[in-house]
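Numbering (our numbering), first residue to last: 4 to 187. C-beta atoms are modelled at their ideal positions from N, C-alpha and C, and glycine is treated no differently.
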Ligand SMILES: [Zn+2]
């Protein structure tokens, strides 16, 4: 196989013994590596891995129920615009929308009470079109990393609040399970 080659779904890319399947590649029952999407097959000879870069990112689209990680790009009282960068552990690049009614099972007056630009959230996709709509209503979903909106310092989790160790400010978020910075 040449170093980069245009492929269609199902096209043979080699056998399992030669290389490991990476993004956009699957192994069939006979042990052949095959393209999952339309795109360019790239062989990494050093790491013995083969991947297919999708020609159209929609080919690797997300489905309702997919768990994603995203960064809050911008927001208003009603919606937050997200960049989804990880889906089920795989790097992706999609736009996402979080509506204020999808933040909590309880009434949320404004998005600013629960989220801020720059926050990292764990969310769940609820549609199958771009831009993806997500929810953080489910138990465990929500903000997993955040910075102080006043000074930019890291916000540490202290009980059900987040506290800035730089300026001492206390902020509220919809905090998800697995929040990265925890005061002990
Ligand atoms: Zn601060």
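Residue j beta carbon less than 8 Å from that of residue i
{"i": "residue 25", "j": "residue 53", "result": "yes"}
{"i": "residue 75", "j": "residue 42", "result": "no"}
{"i": "residue 30", "j": "residue 19", "result": "yes"}
{"i": "residue 71", "j": "residue 83", "result": "no"}
{"i": "residue 80", "j": "residue 95", "result": "no"}
{"i": "residue 12", "j": "residue 36", "result": "no"}
{"i": "residue 177", "j": "residue 145", "result": "yes"}
{"i": "residue 143", "j": "residue 150", "result": "no"}
{"i": "residue 152", "j": "residue 116", "result": "no"}
{"i": "residue 44", "j": "residue 8", "result": "yes"}
{"i": "residue 131", "j": "residue 67", "result": "yes"}
Extent of the continuous beta strand (DSSP E) run through residue i
{"i": "residue 47", "result": "42-47"}
{"i": "residue 98", "result": "93-102"}
{"i": "residue 39", "result": "Note, residue 39: premise wrong, no beta strand (DSSP E); not H, not E."}
{"i": "residue 52", "result": "52-57"}
{"i": "residue 15", "result": "15-18"}
{"i": "residue 129", "result": "Note, residue 129: premise wrong, no beta strand (DSSP E); not H, not E."}
{"i": "residue 8", "result": "7-10"}
Simplified DSSP assignment, three categories, for residue i
{"i": "residue 1", "result": "Within the shown structure, residues of the chain are numbered from 4 to 187, placing residue 1 beyond reach of any answer."}
{"i": "residue 71", "result": "strand"}
{"i": "residue 105", "result": "helix"}
{"i": "residue 160", "result": "strand"}
{"i": "residue 168", "result": "coil"}
{"i": "residue 186", "result": "coil"}
{"i": "residue 24", "result": "strand"}
{"i": "residue 79", "result": "coil"}
{"i": "residue 32", "result": "coil"}
{"i": "residue 139", "result": "coil"}
{"i": "residue 145", "result": "strand"}
{"i": "residue 123", "result": "strand"}
{"i": "residue 88", "result": "strand"}
{"i": "residue 173", "result": "strand"}
{"i": "residue 4", "result": "Bear in mind that a pLDDT of 44 at residue 4, under 50, signals an unreliable position, so the number given afterwards is only what the model happens to contain. Note: residue 4 maps to coil in three-state DSSP."}
Proximal residues to residue i (C-beta, below 7 Å), its chain only, five neighbours per side dropped
{"i": "residue 97", "result": "65, 87, 133, 135"}
{"i": "residue 141", "result": "127"}
Own chain residues within Cβ distance below 8 Å of residue i, not counting five before or after
{"i": "residue 85", "result": "73, 74, 75, 76, 98, 99, 100, 101, 124, 126, 137"}
{"i": "residue 179", "result": "124, 125, 139, 143, 144, 145, 146, 147"}
{"i": "residue 78", "result": "84, 114, 115, 118, 119, 120"}
{"i": "residue 1", "result": "This structure cannot settle anything about residue 1, because the visible part of the chain is limited to 4 through 187."}
{"i": "residue 69", "result": "90, 91, 127, 128"}
{"i": "residue 163", "result": "178"}
Chain-order list of residues whose beta-carbon lies under 6 Å from that of residue i (same chain, five-residue window excluded)
{"i": "residue 184", "result": "157, 159"}
{"i": "residue 172", "result": "151, 153"}
{"i": "residue 167", "result": "151, 156, 158"}
Contact with chain C by residue i, beta-carbon distance below 8 Å
{"i": "residue 52", "result": "Absent from the structure is chain C; it holds one protein chain and no more."}
Closer than 7 Å: residue i CB and nearest ligand 2 heavy atom
{"i": "residue 169", "result": "Ligands displayed in this structure: ligand 1; ligand 2 is not among them."}
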